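> What follows is a single structure, and I will ask about it in a moment.
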């Protein structure tokens with residue numbers, strides 16, 4: 260473990276007096292001058308010739324608990340590849356110089372100001388190696404920079420800090436990259452990565468993919484569920500980009516053979532953004548995926564997630580029950596976490612004790628105790644849920660029911676006076692019942708504990724700026740489950756929902772693409788929902804171990820609105836398109 264570099268404890272004057280025999284009167288002279296002219300005490304003492312630069316460097320090193328050196332390596336002893344990676348302007352501006360590399364790949368770097376730890380991090384990114392800072396005098400470092408760069412890079416041109424022009428590569432990107440990774444920039448890779456993340460937030464991306472190829476690095480954003488290319492960079496910058504992201508996420512930049520997971524928290528574009536970072540080695544280099552967790556997009560009210568008014572009223576009644584289980588089903592990325600958080604926010608109050616166990620805890624909810632699973636210490640959904648029962652909960656949320664043990668404890672909790680929220684990965688609501696039975700749960704326990712199952716999908720919204728009403732074909736209308744004659748007459752009257760639009764009778768919206776939506780035709784998403792209530796018919800079928808199709812048919816006969824039908828309703832209200840509904844409900848239909 261590295262020492263806590265940069266943690267300053269003793270005062271500089273105290274160190275100089277105690278360690279270097281500098282007189283107290285000399286320190287007093289320096290302090291008096293500092294009060295008159297401001298500035299740093301150490302530099303003032305050097306200017307007054309009360310101490311020399313080597314003494315100042317050694318004293319600063321003692322303050323920061325770092326090693327110091329008087330002599331720097333000769334220009335010919337500095338590895339050339341390190342100089343190639345560290346722009347001369349950066350080295351001069353921050354007064355830093357790489358010196359040596361040890362057998363483990365760690366680079367010793369001379370610095371003049373040990374308090375600027377962010378510079379040490381920047382150097383690690385640019386050098387693509389872990390670094391160990393060593394304090395030296397500023398004048399010696401500047402002199403060594405001039406000699407080392409002049410020798411290894413060639414004379415006066417580099418002494419002036421100019422980089423030789425590079426030929427344009429086959430991808431025609433030279434101009435873009437000179438601007439993006441200009442050697443005159445203070446921290447080029449850092450700026451590029453920050454820009455990458457900022458633009459992703461601005462574009463409402465849910466994921467960033469950094470994908471190395473044979474000759475370049477492609478970056479793609481997932482926006483509204485669809486991937487699209489954002490930018491490219493030459494392959495030579497791949498290692499620096501990966502290293503910077505790893506440093507931000509607290510990962511080991513030297514480990515390139517094993518997958519790693521980390522987390523970044525930043526405030527960007529006026530939003531608090533959490534990022535989950537995952538790396539994986541590939542044949543062409545490390546690939547990174549960053550999941551962006553925008554608090555404002557997840558922490559929505561139950562009435563703001565696109566649920567129709569009639570269904571919303573029923574769900575609000577369900578979650579206020581004293582006990583039972585509500586399961587939310589759907590594939591990854593279908594908005595289940597948003598729905599669960601909306602439900603918890605709806606019922607959260609000072610007189611309720613709400614506990615959650617999640618993987619991971621995506622956002623902290625005020626007034627709710629949240630636990631993150633950690634398999635390394637055997638803290639699983641099941642063990643966390645079991646411990647919750649000893650903490651007098653009113654409501655429990657389990658991130659996912661993946662196995663029989665978790666399911667059994669959740670059912671036990673619901674049957675002993677607690678309300679339980681959880682999720683399962685099934686295509687529709689009825690499939691969640693058979694999934695629990697397939698896990699080995701007795702059908703009578705399933706039938707007696709479940710109070711509702713909510714299946715959901717996310718469908719893209721047509722752009723308000725460019726989508727136009729069109730008359731769909733009869734086949735499209737039938738695929739939506741609607742009667743063409745009734746549709747064309749404009750006789751359908753779906754229940755109200757936030758975000759609905761008024762369309763001419765017999766029309767749907769068709770996206771066209773414009774600058775506002777990035778020429779995609781869609782902007783934003785809305786939820787499609789299917790709520791299955793546990794009535795007597797469904798309960799009997801569950802006890803008989805009926806298949807999901809039979810349970811679904813019984814629920815539809817009792818008035819259940821399917822995912823496809825809710826999608827059709829939202830098509831009628833201009834909230835999505837027939838193509839989106841067909842795409843996201845294909846497996847559930």
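In my numbering, the protein residues as written are 260 to 848. For glycine and all other residues, C-beta sits at the position ideal for the given N, C-alpha and C. Small disclaimer: the values here were computed from a predicted structure and weren't measured.
1) Could you tell me which whole beta strand (DSSP E) segments of length 3 or greater appear in the region 556-588?
2) If you reduce the DSSP assignment to three classes, tell me which class residue 343 lands in.
3) Put residue 276 into one of helix, strand or coil per three-state DSSP.
4) So, is residue 829 buried or exposed, given that buried needs 16 or more other C-beta atoms within 10 angstroms?
5) As a quick exercise: from 661, 802, 582, pick the residue whose alpha carbon is nearest that of residue 702.
6) How close, in whole Å, do the beta carbons of residue 496 and residue 583 come, if the pair is a contact with beta carbons under 8 Å?
7) Considering residue 393, what are the terminal residues of the beta strand (DSSP E) in which it resides?
8) So residue 500 and residue 536 are supposed to be a Cβ contact under 8 Å. How far apart are they, rounded?
9) Quick one, are the C-beta atoms of residue 600 and residue 558 less than 8 Å apart?
10) Quick one: is residue 686 buried, meaning 16 or more other Cβ sit within 10 Å of its Cβ, or exposed?
11) For residue 271, is the classification buried or exposed, using 16 other Cβ atoms within 10 angstroms of its Cβ as the cut-off for buried?
12) Assess contact between the region 391-402 and the region 327-341, defined as three or more Cβ pairs (one per stretch) separated by less than 8 Å. Is contact present?
13) What three-state label does DSSP hand residue 755 in the structure shown?
14) Check the C-beta distance from residue 770 over to residue 781 and give it rounded, since I have them as a contact under 8 Å.
15) Nearest by alpha-carbon distance to residue 651: which of 611, 812, 807 is it?
16) Out of 683, 632, 694, 380, point me to the one whose CA is closest to residue 596's CA.
17) Count the CB pairs spanning the region 397-407 and the region 364-373 that are closer than 8 Å, and state whether there are at least three.
18) Are the CB atoms of residue 605 and residue 575 nearer to each other than 8 Å?
19) Starting from the Cα of residue 459, find the closest Cα among 481, 695, 320 and give me that residue.
20) Quick one: is the Cβ of residue 469 within less than 7 Å of any heavy atom of the ligand FMN?
21) One question on the structure: do residue 357 and residue 337 come within less than 8 Å of each other, judged by their Cβ atoms?
22) What ranges does the alpha helix (DSSP H) occupy inside the region 684-726, keeping only unbroken runs of at least 4 residues that lie completely in it?
23) Just curious, the beta strand (DSSP E) that residue 464 is in, first and last residue?
24) Run through DSSP, which three-state label would residue 479 get?
25) Could you name the residues that DSSP lists as bridge partners for residue 781?
26) Could you tell me the distance, in whole angstroms, from the CA atom of residue 217 to the CA atom of residue 515?
27) From this set, 806, 532, 322, which residue's C-alpha is nearest residue 457's C-alpha?
The relevant details are as follows:
1) 583-588
2) helix
3) helix
4) buried
5) 802
6) That pair is no contact at about 54 Å.
7) 390-394
8) No, residue 500 and residue 536 are not in contact; Cβ-Cβ is about 12 Å, not under 8 Å.
9) yes
10) buried
11) buried
12) yes
13) coil
14) 6 Å
15) 611
16) 683
17) yes
18) yes
19) 481
20) This structure simply doesn't include the ligand FMN, nor any ligand for that matter.
21) yes
22) 688-697, 702-708
23) 464-471
24) strand
25) 721
26) A question about residue 217 goes unanswered here, because the residues of the chain that appear run from 260 up to 848.
27) 532
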